[in-house]
Each structure stands twice: as structure tokens, then as C-alpha cells.
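One structure below.
Residue numbers (the working numbering), protein chains in the order written: chain A, 303 to 752; chain B, 303 to 752.
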């Protein structure tokens, strides 16, 4: 009975949004039925949820529930979202020999997001047809859409970035997919797009990766980038929620994301006249609208021979993000301790999955202080002048860890000694993460694709 | 000679970006040639520009150059944009009888942006093919694009809103198209998309409207909405400028834009926890990325039975925009004078063409003070309490003038007496603008489509 209770608690944790809905229904029921009857029904429902989940989400078995529920939190579906899709409904239409894509010659030469695999995943949503439709794997093919589709006018679009890694044991792994799914659903809600069951999408995605598994590079210098995308395709010009949507995924074999100098480090333009995100906006959601305004600023960086943009915020020039990455600083604090700091999730910052993983690992190591806190350019300059700034680096799925060696700020070049440390923290972090991702170290974050 | 000089000056004014480029070239030339030779060439070029313009932009004849150059200013093309397109290259592929769209039964019942005409305009840009390609009018048809197209991931997209009006004389007019073209090119530059010659696009658009002229409603209660759109279609996942783009236009017969109550007025949700635009962002550019983040906030307004969102900015709760409109307040100022005020173009505000037209007309009338200045919610409350707030209204191409009768702010309902004035200014403005747009009053702002 104790064991059963324990399973029940775990199950409740995993399915809290379903249960909340059920409890709400129960409360309503109570006005008509006796409390006892409602409790009986609740127990039956819990049992049903458990059975269903165990049967149809094999991936979740390798996930520790405490990780599954890490930030970002799962969202609750709006009551009017309609029917969900399920992995076991998946239809597959394989590419004919003529539809196969040209394979890259050398995995190491891959340019980010230029080549795509033979197949893609598509799931349509039509409110008028009851909600989500059957998921389908098809050959990689062009999308056909009405010229009034909302995605083309009002940026009703969001995406995720994930990767599949071929491990040292030959097995293919993805990294904390639950986090991407939760974040994607949060963005959907913020964009007036339908939410979906993340674990069902991961089941479909796993099948897609299996089908195109020969595209997962056989080297640790490369991986298969996964781009889940959700777009609003209503062919109407009102600025409003989309009653039709397309959730799809394409796969692209990738090498390293950024151009860097020969040392592997990047240089940054820090221009306080441009702002990436602001309070009351959507800087903490992976929506397409966060990216278009950055392109012109990136062009200015390029023109100055700098590789990325360091995004500052406010009068104090707080550091927020770098390019499309979170930012970390490793330094000697006022108490003389070594400290790793990254800006807090205050609404201006994308809740990065690499960011979260680095924080978790570093806290587990316990070798230096780990802080989520605001820091600004004057502080960076001060630490630099006092020889207390040790490392500055960006982090993200595409690049993993990207060391920074120079910041161009207020017509001045600040040289950062990130590459000059004897045993740099960013290298320790990179090794720890790739060891997990490429299966050298068993870890619940790495989910094997069957 | 004096007349010739005068024409030359006007011509210089119209073509300043071309001339600046030419002068730059001239300066370079001067290092090789004598100054005299360069001056001769400059004169020849000016003559050439004048002849070409007169010959190929008949629409510009009806535009007063001082309006053509009103804000927003024309942009200068980047040197690497490549070849431009021209109206005289336009190809036309007419719809077959099976491709014709169903016509609406009653113009008055039209819902905004749900029905489209038989044809559309398409102009592709491919840097690899030298720049802009030949413009083409085709039947209204779905767009086909790669699932990695930048528009679907990074909101590389921008649009304009214009209208064609059937005048009391049966002629079809568009309103200050030069303003839309300048604004569109500014947005293109901000988005890493190619710029184009606005007047050449207007020539193509005029032909499209002529072909679908039977779709321009025969009533002053409706018009033909024009949606020029520019999207980045590069099939690559890097966050960067787009080397391929599609500039297109679709047409939709429309009635009034907003649902309003029986009085014709709208109610607003003013929630300071959401921000539309911010310094260092793109709130002054008509980019798709400004719209997606508003949809969820509009949903919150809907849920409270309110029709639009009033966008506030900063600690003082400055009024910025309402829904997708500029905002105007008519009030009795501290000197006891009547005053019309609208927020200034400080980067947070879309430079509305209706806004600009209202300011110009009201200044010409000289009947009350006209100001571009910041005003906030405490000021609105104060004026309201003292009986000095007369009218509050939104303005924009889609709705023209939209009176406001209620604001829900800080859990309080503020009732605005916009509809209770004896001779309301917003009605005078609406009449003046529609008189121009529907050809009751001849005006250089109204450009007849031949």
C-alpha cells in the first residue's frame, strides 16, 4: 500500500495540470454528489492517468520526475483548446528515392541550419475540426499557406532548439526534452496559439529522429539540430488568436554555431542604444518576435568586425544576453571567493536549458559560489581593472558554451581573459555537458531515442 | 532659366537619396577628373533623373512634393541591395473563371480581412540573381515556402495598411501612398530586408487595384483594404539578414474594423503590467514582431468585455497607443484653451499616416491648440475629474477614427465623455478625412488610380 501511494504521488506530480482540472470538476460535482462518491472517482481517475502514462510515454521512464518538473513549469491547457494529438496516432509517409536530400560530405564543415534531413514532422490544429489533428511524418517538403496567414503578418510564431547526439555507445540521445516542451507551451499561450501535450510531441519527434537516424553525425564535433516550430496559419488579417496552426519539426545536421577567431572565442558589440527585451514584454519566451529586431544590430556588429551582440538593459547597462545565448561571468567576488553568476529569470531573460543545467551542475559540484543575480557593465569594467574578472561566456543549445575574449563598449575595447585561465570553468562545464549528451556519463537528463 | 532652376530644385528634393549617391560618386570622380567635368556630368544626371521620373511615375504628378517628403523620410538603399524592380516590367497572369473568389453579398457586412480579391501582386528578391526580380500580378494563390524560411522562425516580416476608396465621382483613390512606402522601407532596413523604390511598387499596386476595381465597394461605409507585405524567405536557420525575400500585396474589401457598442465607441483595458514598445526597440516600425506579443493581452481585454488595449509606458503610465492605433486627446488645458494632443514620435509610437494627416489638418484649421506631447493616466484622471477631458480617440487606416468611451484602469472604470460632446472634434476630423478620401474635396493627398 505504501508503494502504491508513492507511485500515486509521483503520478500526481507529473500530471498536476490534469489533476487540477479534475479537482475543479470534482468540486463542481460535490454540489450534486456526496463527497465520498467524488473521492472514489478521483482515485479511479488517478489510476487511469497512471496506467495511460506508463503505457504511452516510454521516454518518461528514463526521466527523473524532479527534472521533468524543473522550470519552465508545464502549462495548463485553455478549456477551449479541444482535442489533443497522441504519439500512437502518428502516420508516416516515407520519402521516395527522388525526394532524398543530399548528404553533407564532412560533418565538420557543416554550416548551421543550411542542410536538412529527408523527413519532417507536421501536426495541424484546426479549432473548427475539434482541435489537434493526427501527427504525420512526411518527406521534407515546402509548406503551402494562404498569403494572409497570420504568421506572415503578425509574427504568430515560436520555436525551440534541441539536439540529438550520437553517443560513444552508438545510441542517439536528446537532452532534457521536457524543458523544451514546457517552454514551447508557455510561448504558445503567450502568442494565442494552441498548447499541446509535450510528451506526445516528443514521441513523434523520437520517431522522426529514428527514421532519419543516419543523419545524426558520427562525431562529437557535430550533432543533429532539431527545430520544433509552431505557427498561426489563419488566413485572416485581424490581430487575434489563431484558430488554425501548424506544429512542425525539421532536422539539420550542424557543426559549431558561431564563427569565432582561431582561439575559439567571440568578440561582442555592447551598444546601450539597443534593447532586446523589457519588463511587460516577451523576452522570456522563445517567440519569433524577439529575433527580427536583433538582425540589424547584428549587422552593425559584423560591420565592426565583432561576432555577436551583448544585449544591455536600462540606465546601469545591465548585461542580459549575448547574441541568442544566456551569459555567465566567473570572477573573484568582494569576499575573495570564486563566483559564477548569471542574470536572474526576471522576465528579460530566456530561461535557457543549458543555463539551468550549468547552474544545477555547478551547485552540485560545490567548488565555487553560484548566483543568479544582476550585474552591469560598470561592474565588469571594475572587476576587469582589478584583475578579478576570470571568464565571460555565452551558453545555449546551438553553441553549448561560447567563450568571450573582447567587448566593444562606449568606443573602448575591453579584453576579457577568458581564454587565458589555466583550468577554465567554461571548459569544465563544456566537458561535463558533452559527457552527458554523448553518453559518456549516464544521467537522467540524456534521453535515449529507441 | 529661373523656371528651369525651380524644376531642378524640386527634382533634387524628390530624388535626394539618388542625388546623394551621385554626389558621393562625383566626389570620388573628382580625384581623377577635373571638377568641371564632374559638374557637367551632375547636370546631365539631374536632367536624366527628371525625364525618367516624369515619364514613369504619373502618380507623383498629383502629389505635392512637400507631402511626398513628409515624415517618414525616404530611405537610402544599401549599396549591396542590387537591381531594383520597375512598374513597366510588370507581368500579368489573370485568374481563370474557376480561380475567381466569391464576392461578398453586402459591403456593409464585411468582416475585416476575411475575404480577398481575385488577384495579388508578387515581387521576389534574390541576392544571388542580382536583386529584385520582375513584378508579377497573379491570381490569388497560396504561397509555397521552405519550412526553414526565416519569416516562420525569426519574424522577418513587415507590412503596411492602405485603402482604396471609390469616390463620389466613381474614381478610385488611394491616400498618401508615399508615406506608406517610406515607412515600409524604413522597416525593411530595420529588419535586414531589401529596400525598394516605393513609387515603382505603387505603380504595380495601382495596376492590381485597376484589375480588381470591381471589388472596391460602391459605398462610403466600406473600402478596399490593401495589405503590402515583405517577408524574408531564406531557407536557413541562422539569425541574419535574408538574401531572398518576397514583397507582395493582397486586397480585401472591408467595412468598419472594430466591434464597438451601439454608440460606435470602444472601451479599453489599460493594464500597466504589459508594454507594447520601449526605447531601443522597434515600436516605431510596422514590423510583425510588434503584434504577436499583443494578442494575449487583447484576449484579456476580451475576457473583461473590453474592446481594445490601451498601451501604457513607464512608471508614470504614459499613454502610447490604443490597440493598433495612435491616440488623441481633446481637452481644456491649464490656460483654459482647447487643445488636441497626441504622443510624440519618440521611438515608442508608430508614425501613423492618419495621425500625421490629422495634425496637419488641425494645424491648418487653427481653431484649437495642436500638440505632440507626452500625457499620462494620472493626467487623464485629473482632467476627467475636473470636467476638462472632452474627447479621447484612436486613429488609423483601418478604423480612421475610433472614439473611446471607457477605460478600465487599476480596477476602476473611467467614463470618457467622447460621445457626449455637441460638435465633437473626432467627427469633424472624420468628415474632413473622408471628404478627401472619397473625392468630395480635391486634395493632393488623394491619388487617383488611372
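We treat Cβ as the ideally placed atom computed from N, Cα and C, and that holds for glycine. The structure presented is a predicted model; accordingly, all values stated were derived computationally and were not measured.
To the nearest angstrom, report how far apart residue i and residue j are at their CA atoms.
i, j, result
"residue 438 of chain B", "residue 713 of chain B", "53 Å"
"residue 615 of chain A", "residue 572 of chain A", "10 Å"
"residue 433 of chain A", "residue 745 of chain A", "36 Å"
"residue 689 of chain A", "residue 731 of chain A", "22 Å"
"residue 629 of chain B", "residue 436 of chain B", "39 Å"
"residue 640 of chain B", "residue 424 of chain A", "59 Å"
"residue 488 of chain A", "residue 376 of chain A", "8 Å"
"residue 554 of chain A", "residue 402 of chain A", "14 Å"
"residue 579 of chain B", "residue 625 of chain B", "13 Å"
"residue 404 of chain A", "residue 397 of chain A", "13 Å"
"residue 506 of chain B", "residue 551 of chain B", "10 Å"
"residue 457 of chain B", "residue 636 of chain A", "43 Å"
"residue 528 of chain A", "residue 484 of chain B", "39 Å"
"residue 533 of chain B", "residue 443 of chain B", "16 Å"
"residue 420 of chain B", "residue 441 of chain B", "6 Å"
"residue 685 of chain A", "residue 715 of chain A", "15 Å"
"residue 662 of chain A", "residue 600 of chain A", "31 Å"
"residue 295 of chain B", "residue 584 of chain B", "Outside the displayed range of chain B (303 to 752) lies residue 295 of chain B, so it cannot be described from this structure."
"residue 518 of chain B", "residue 734 of chain B", "21 Å"
"residue 502 of chain B", "residue 391 of chain B", "10 Å"
"residue 462 of chain A", "residue 497 of chain B", "30 Å"
"residue 710 of chain B", "residue 574 of chain B", "11 Å"
Output needed for residue i: all residues of its chain with C-beta closer than 7 Å, excluding positions within five of it in sequence on either side, in chain order.
i, result
"residue 567 of chain B", "705, 706, 707, 720 and 721"
"residue 754 of chain A", "Here chain A has residues from 303 to 752 only, and residue 754 of chain A is not among them."
"residue 737 of chain B", "743"
"residue 538 of chain A", "450"
"residue 676 of chain B", "620, 645 and 646"
"residue 522 of chain A", "736 and 740"
Mapping DSSP to helix, strand and coil, what is residue i?
i, result
"residue 620 of chain B", "strand"
"residue 525 of chain B", "strand"
"residue 508 of chain A", "helix"
"residue 459 of chain B", "strand"
"residue 586 of chain B", "coil"
"residue 601 of chain B", "helix"
"residue 725 of chain A", "coil"
"residue 572 of chain B", "strand"
"residue 704 of chain B", "strand"
"residue 748 of chain A", "strand"
"residue 482 of chain A", "helix"
"residue 530 of chain A", "strand"
"residue 536 of chain B", "coil"
"residue 633 of chain A", "strand"
"residue 380 of chain A", "coil"
"residue 784 of chain B", "There is no way to answer for residue 784 of chain B, as the model of chain B reaches only from 303 to 752."
To which residues of the same chain is residue i closer than 8 Å at the C-beta, ignoring the five residues directly before and after it?
i, result
"residue 751 of chain B", "466, 473, 474, 475, 476, 508, 511, 512 and 515"
"residue 418 of chain A", "403, 442, 552, 553 and 554"
"residue 394 of chain A", "438, 439, 509 and 513"
List the DSSP bridge partners of residue i.
i, result
"residue 667 of chain B", "Paired residue(s): none; residue 667 of chain B is not in a bridge."
"residue 546 of chain A", "A:428"
"residue 399 of chain A", "Partner(s): none; residue 399 of chain A has no beta bridge."
"residue 444 of chain A", "Beta-bridge pairing links residue 444 of chain A to no other residue."
"residue 556 of chain B", "B:525"
"residue 475 of chain A", "A:467 and A:750"
"residue 698 of chain B", "B:702"
"residue 715 of chain B", "B:710"
Is any heavy atom of the ligand FAD found at a distance shorter than 6 Å from the C-beta of residue i?
i, result
"residue 700 of chain B", "Among the ligands in the structure shown, none appear at all, so the ligand FAD cannot be discussed."
Near residue i, what residues of its chain come up, given a Cβ to Cβ distance below 6 Å and the 5 sequence neighbours on each side ignored?
i, result
"residue 428 of chain B", "546"
"residue 499 of chain B", "386"
"residue 530 of chain A", "462 and 551"
Where the region 580 to 593 of chain A meets chain B: residues whose CB sits under 8 Å from a CB there:
580, 581, 582, 583, 584, 589, 590, 591, 592 and 593
- [ ] Would you list, in chain order, the members of the region 407 to 426 of chain A that have their beta-carbon closer than 7 Å to a beta-carbon of chain B?
- [x] 414, 415, 416, 418 and 422
Residues in the region 589 to 621 of chain A with C-beta within 8 Å of chain B's C-beta atoms, listed in sequence order? 589, 590, 591, 592, 593, 594, 595, 596, 597, 598, 600 and 601
Quiz item: Going along the region 536 to 570 of chain B in order, which residues come within less than 7 Å of chain A, judged by CB to CB distance?
Solution: 538, 539, 540, 541, 542, 543, 550, 552 and 554
_Under 8 Å, CB to CB, which of the residues in the region 485 to 519 of chain B have a partner in chain A?_
491, 492, 493 and 494
#### Entry: Interface positions of the region 438 to 454 of chain A facing chain B (Cβ-Cβ less than 7 Å), listed along the chain
444, 445, 446, 447, 448, 449, 450, 453 and 454
Self-check item: Interfacial residues, the region 456 to 467 of chain B to chain A, with Cβ spacing under 7 Å
Solution: 456, 457, 458, 459 and 461
| query | Got a sec: which bits of the region 623 to 638 of chain A sit with their beta carbon under 7 Å from any beta carbon on chain B, in order along the chain? | reply | 626
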